[in-house]
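Report on the following structure.
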Amino acid sequence: MEANELLKKVRKIDIKTRGLSQNIFAGEYHTAFKGRGMTFAEVREYQYGDDVRDIDWNVTARHNRPYIKVYEEERELTVMLLIDVSRSRLFGAVGEDKREMIAEIAATIAYSAITNNDKIGVIFFSDKIEKFIPPKKGKKHILLIIRELIDFTPENPGTDIGVALRYMTDALKKRCTTFLISDFIDKHDYTRQLQVASNKHDIIAIQVYDKRDTTLPDIGLMRVTDLENGKTGWIDTSSKSTRKAYSKWWYERQQAMTEALSKSRVDLASIATDEDFARALMALFKNRGVR
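Numbering follows full-length UniProt numbering, in which position 15 of the sequence shown is assigned residue number 15; successive positions increment by one, without gaps.
Set out below in structure tokens:
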């Protein structure tokens, strides 16, 4: 991509997603993704109803009246984006293509993170780890991430979610909040890796799909190409049994995905490319915030 074109796209996504984050998501994000520990803040005089286990006996002895330790939530989080950069994300028939929506969703989450003073990092994956951007803070870091989201070219075409989950589990020692963003078109079984990763990290799955992924149109003979393995062929979409078999494939794949996520206690937002992703993210954040 030419430098000028890339800068225009970065600027466009920057303006849109920064505005969404600051005006809509900041409060919901803060509520949905809480800190993981407590740090000492101060001591104050004991008040009726305070937990006696929090009494600071040293201060109490000095002042000859009870004082308690006050703690506050350790708010800073590390947020990781696991971004599927396989070739199937290039597909787009209804609405924008999956790559564009994935970039906008990821950028919005990234801005929500730094607005709340959290670190943000990225793992780009296909059927291997394509690139790791360590977690950092700051506007320059966000712009770097956005540039990579727009212009990154993977070496491999396939998808292996398990590889990404295993890498994150090994690479990140501290617990982090992880957004796994993919169309989840994956021929591998990633259930085990998901269970292991979810025991260590807080994982949220965001599926971005095109409605043409779900059903075949009735338009007669159609030439199709598998974007991930490059194989091409012809199918007769006027055949009712062919369309039914394809719909069954999609349904069974979705069932397998939701079952794997449910077993690992992973929340899911499934968003079509012609839908408003902001509304879906708001619903996801609100649901987590009321728990």
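Backbone N, C-alpha and C fix where the C-beta goes; we use that ideal spot for every residue, glycine too.
Since we're looking at a predicted model, the values are computed, not measured.
DSSP-derived helix/strand/coil call for residue i
{"i": "residue 270", "result": "strand"}
{"i": "residue 174", "result": "coil"}
{"i": "residue 207", "result": "strand"}
{"i": "residue 184", "result": "coil"}
{"i": "residue 163", "result": "helix"}
{"i": "residue 84", "result": "strand"}
{"i": "residue 221", "result": "strand"}
{"i": "residue 179", "result": "strand"}
{"i": "residue 237", "result": "coil"}
{"i": "residue 52", "result": "helix"}
{"i": "residue 119", "result": "strand"}
{"i": "residue 37", "result": "Bear in mind that the predicted position of residue 37 carries a pLDDT of just 49, short of 50, making it too unreliable to give a figure here."}
{"i": "residue 202", "result": "strand"}
{"i": "residue 79", "result": "strand"}
{"i": "residue 286", "result": "helix"}
{"i": "residue 136", "result": "strand"}
{"i": "residue 252", "result": "helix"}
{"i": "residue 195", "result": "helix"}
{"i": "residue 279", "result": "helix"}
{"i": "residue 190", "result": "coil"}
{"i": "residue 261", "result": "helix"}
{"i": "residue 96", "result": "coil"}
{"i": "residue 216", "result": "coil"}
DSSP beta-bridge partners of residue i
{"i": "residue 42", "result": "70"}
{"i": "residue 112", "result": "In DSSP, residue 112 forms no bridge with anything."}
{"i": "residue 128", "result": "In DSSP, residue 128 forms no bridge with anything."}
{"i": "residue 232", "result": "225"}
Contact under 8 Å by Cβ, residue i with residue j
{"i": "residue 181", "j": "residue 129", "result": "no"}
{"i": "residue 114", "j": "residue 142", "result": "yes"}
{"i": "residue 168", "j": "residue 123", "result": "yes"}
{"i": "residue 144", "j": "residue 165", "result": "no"}
{"i": "residue 67", "j": "residue 44", "result": "yes"}
{"i": "residue 85", "j": "residue 112", "result": "no"}
{"i": "residue 210", "j": "residue 91", "result": "yes"}
{"i": "residue 230", "j": "residue 188", "result": "no"}
{"i": "residue 77", "j": "residue 118", "result": "yes"}
{"i": "residue 107", "j": "residue 146", "result": "yes"}
{"i": "residue 221", "j": "residue 157", "result": "no"}
{"i": "residue 42", "j": "residue 59", "result": "no"}
CB-CB length for residue i against residue j, believed under 8 Å
{"i": "residue 88", "j": "residue 159", "result": "7 Å"}
{"i": "residue 95", "j": "residue 273", "result": "4 Å"}
{"i": "residue 242", "j": "residue 232", "result": "About 17 Å separates the two Cβ atoms, so there is no contact after all."}
{"i": "residue 217", "j": "residue 237", "result": "6 Å"}
{"i": "residue 280", "j": "residue 269", "result": "5 Å"}
{"i": "residue 212", "j": "residue 93", "result": "4 Å"}
{"i": "residue 288", "j": "residue 267", "result": "6 Å"}
{"i": "residue 277", "j": "residue 105", "result": "5 Å"}
Q. Contact between the segment 122-142 and the segment 74-91: three or more CB pairs below 8 Å?
A. yes
Q: Could you tell me whether the segment 185-205 touches the segment 162-177, using the rule of 3 or more Cβ pairs below 8 Å?
A: yes
Q.
Does the segment 177-195 come into contact with the segment 205-214, if we say contact requires no fewer than three beta-carbon pairs (one atom in each stretch) closer than 8 Å?
A. yes
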